[in-house]
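Quick notes on the structure that follows.
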């Protein structure tokens with residue numbers, strides 16, 4: 009039997025006269041009946057500045073409505089409009105997409121997109137560039153649903169969502185195989201890159217080298233075919249993951265192109281792009297003979313020294329850039345001279361790196377880029393207070409994001425500490441390459457992105 013109308017349920021249940029369980033963002037009844045859930049809140053009516061009732065009867069009706077739930081409000085502020093207009097793939101999908109997938113896409117757009125980006129959700133380039141592509145790519149849509157299901161499974165401790173995530177992942181891979189020869193390079197590249205993001209964030213260990221697939225698409229299409237704003241964004245994301253993967257693999261980057269464009273096509277990140285370009289050059293040093301290695305080492309050292317020298321930096325971007333610069337010094341001296349803590353230079357740069365990271369609030373979007381510098385400086389820490397800061401920071405990052413990759417990185421850092429401490433106690437020095445230590449002990453890469 010229908011219940012009386014409520015004022016707090018979704019609009020669909022209120023119109024139907026049924027009790028709503030008020031589950032967000034779509035209620036359980038609408039999902040079960042596969043109805044379009046119209047959401048919650050109040051319906052707005054725009055106030056007409058010059059509007060006047062044409063008669064006493066109209067005035068009387070207006071007074072009667074004043075106590076109802078419909079509210080008369082002024083036009084929205086620009087801030088509110090920016091939120092209303094933020095891209096949400098769950099709202100532009102074809103009618104045949106089921107409510108569960110719409111719910112997952114909504115979680116991606118409202119929560120997860122900000123965790124893989126460096127800017128707040130309404131301006132996230134992942135939303136701006138990927139959202140228009142979702143209706144045209146089953147592979148991209150499925151991998152975004154998989155990512156969202158993985159995250160919700162953790163938040164809700166629900167194994168059935170893990171099963172759903174695996175199902176979407178299989179659909180994404182299968183669809184990509186079928187469409188990769190016919191879809192545009194941008195669609196295929198977007199799907200592959202989000203599979204890479206999925207593997208990194210949720211430690212899936214799929215064994216698939218997604219970056220090699222991305223390289224094949226880029227080589228086949230040519231960089232010039234990806235010169236649109238969306239293509240530039242995808243190339244920058246690919247380059248970012250490629251460079252950090254080169255660090256975790258102990259190899260040169262796969263891509264021959266350098267990230268001349270800012271990370272994620274965000275102009276304010278130009279300095280960070282410059283540091284990352286240098287990190288990629290350090291990775292390429294691993295392939296050099298000793299004579300060439302020294303020449304490269306001095307050249308890269310000069311490049312890092314030429315960057316902004318001021319540690320008196322204000323703002324989350326500035327602190328992040330400085331943290332990356334100090335981490336790059338640590339990485340350089342490990343690759344070039346196999347030199348780390350307790351050498352004074354490693355301790356100095358590690359201390360500075362951690363200080364800059366600690367100056368950025370843990371809920372800042374830029375913290376999504378902090379795993380590599382925190383790993384690099386954290387592994388070289390020998391001071392108890394610094395190690396405790398690393399533990400606390402990793403816990404705080406996980407508490408804000410609930411991404412399994414952060415827990416595994418914390419475990420990897422602790423294992424590196426045990427290996428390095430044991431060697432220092434045995435022979436008095438530390439020549440342990442942190443990356444190689446994880447590759448040997450875990451038979452996998454450290455997750456640095």
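Numbering (my numbering), first residue to last: 9 to 457.
Just so you know, even glycine gets a beta-carbon here, dropped at the ideal spot from N, CA and C.
Since the structure is predicted, the reported quantities are computational estimates derived from the model, not experimental observations.
Measure the Cβ-Cβ separation of residue i and residue j and say whether it is below 8 angstroms.
i: residue 225; j: residue 197; result: yes
i: residue 370; j: residue 328; result: no
i: residue 121; j: residue 135; result: yes
i: residue 349; j: residue 441; result: no
i: residue 222; j: residue 246; result: yes
i: residue 279; j: residue 313; result: no
i: residue 220; j: residue 163; result: no
i: residue 4; j: residue 39; result: Residue 4 is absent from the model: the chain starts at 9 and stops at 457.
Report the rounded CA-to-CA distance for residue i versus residue j, giving the unit in angstroms.
i: residue 445; j: residue 455; result: 13 angstroms
i: residue 37; j: residue 161; result: 21 angstroms
i: residue 203; j: residue 343; result: 30 angstroms
i: residue 91; j: residue 303; result: At residue 91 the pLDDT is 33, less than 50, meaning the model places this residue with poor confidence and gives no usable figure here.
i: residue 336; j: residue 189; result: 39 angstroms
i: residue 145; j: residue 172; result: 19 angstroms
i: residue 403; j: residue 24; result: 46 angstroms
i: residue 255; j: residue 410; result: 24 angstroms
i: residue 309; j: residue 292; result: 14 angstroms
i: residue 443; j: residue 388; result: 12 angstroms
i: residue 117; j: residue 228; result: 31 angstroms
i: residue 457; j: residue 26; result: 46 angstroms
i: residue 249; j: residue 18; result: 41 angstroms
i: residue 111; j: residue 235; result: 33 angstroms
i: residue 395; j: residue 195; result: 43 angstroms
i: residue 427; j: residue 433; result: 10 angstroms
i: residue 103; j: residue 44; result: 9 angstroms
i: residue 284; j: residue 264; result: 14 angstroms
i: residue 168; j: residue 289; result: 44 angstroms
i: residue 16; j: residue 41; result: 20 angstroms
i: residue 287; j: residue 281; result: 10 angstroms
i: residue 429; j: residue 30; result: 54 angstroms
i: residue 390; j: residue 353; result: 13 angstroms
i: residue 184; j: residue 392; result: 48 angstroms
i: residue 372; j: residue 299; result: 43 angstroms
i: residue 159; j: residue 405; result: 15 angstroms
i: residue 199; j: residue 239; result: 13 angstroms
i: residue 341; j: residue 193; result: 38 angstroms
i: residue 374; j: residue 307; result: 29 angstroms
Which same chain residues end up closer than 6 angstroms to residue i when comparing Cβ atoms and leaving out the 5 residues on each side of it in sequence?
i: residue 331; result: 361, 364, 365 and 381
i: residue 448; result: none
i: residue 436; result: none
i: residue 305; result: 344
i: residue 243; result: 234
i: residue 209; result: 411 and 413
i: residue 357; result: 334, 337 and 338
i: residue 59; result: Bear in mind that the predicted position of residue 59 carries a pLDDT of just 39, short of 50, making it too unreliable to give a figure here.
DSSP three-state label for residue i, please.
i: residue 246; result: helix
i: residue 459; result: The chain is shown only over 9 to 457; residue 459 falls outside these bounds and no answer can be derived.
i: residue 191; result: coil
i: residue 140; result: helix
i: residue 479; result: Summary: the structure shown does not reach residue 479, with the chain confined to residues 9 through 457, and so no result is reported for it.
i: residue 29; result: coil
i: residue 277; result: helix
i: residue 430; result: helix
i: residue 103; result: coil
i: residue 347; result: coil
i: residue 390; result: coil
i: residue 412; result: helix
i: residue 329; result: helix
i: residue 38; result: helix
i: residue 420; result: helix
i: residue 397; result: helix
With a threshold of 7 angstroms on Cβ separation, who are the neighbours of residue i within its own chain once the five nearest residues in sequence on each side are excluded?
i: residue 132; result: 121, 122 and 125
i: residue 154; result: 173, 176, 177, 180 and 206
i: residue 355; result: 349
i: residue 258; result: 294, 443, 444 and 447
i: residue 377; result: 126 and 328
i: residue 383; result: 417, 421, 454 and 456
i: residue 431; result: 438 and 440
i: residue 191; result: 145
Excluding the 5 residues flanking residue i on each side, which residues of the same chain have their C-beta closer than 8 angstroms to its C-beta?
i: residue 346; result: 439 and 441
i: residue 201; result: 218, 222, 242, 245, 246 and 249
Tell me whether residue i, by its Cβ, gets closer than 7 angstroms to a heavy atom of the ligand NAP.
i: residue 407; result: Looking at this structure, you won't find the ligand NAP or any other ligand, since it has none at all.
Are there three or more Cβ pairs, one per stretch, closer than 8 angstroms when the region 171 to 181 is compared with the region 132 to 152? yes
The region 396 to 406 contacting the region 417 to 425, beta-carbon criterion three pairs below 8 angstroms: yes
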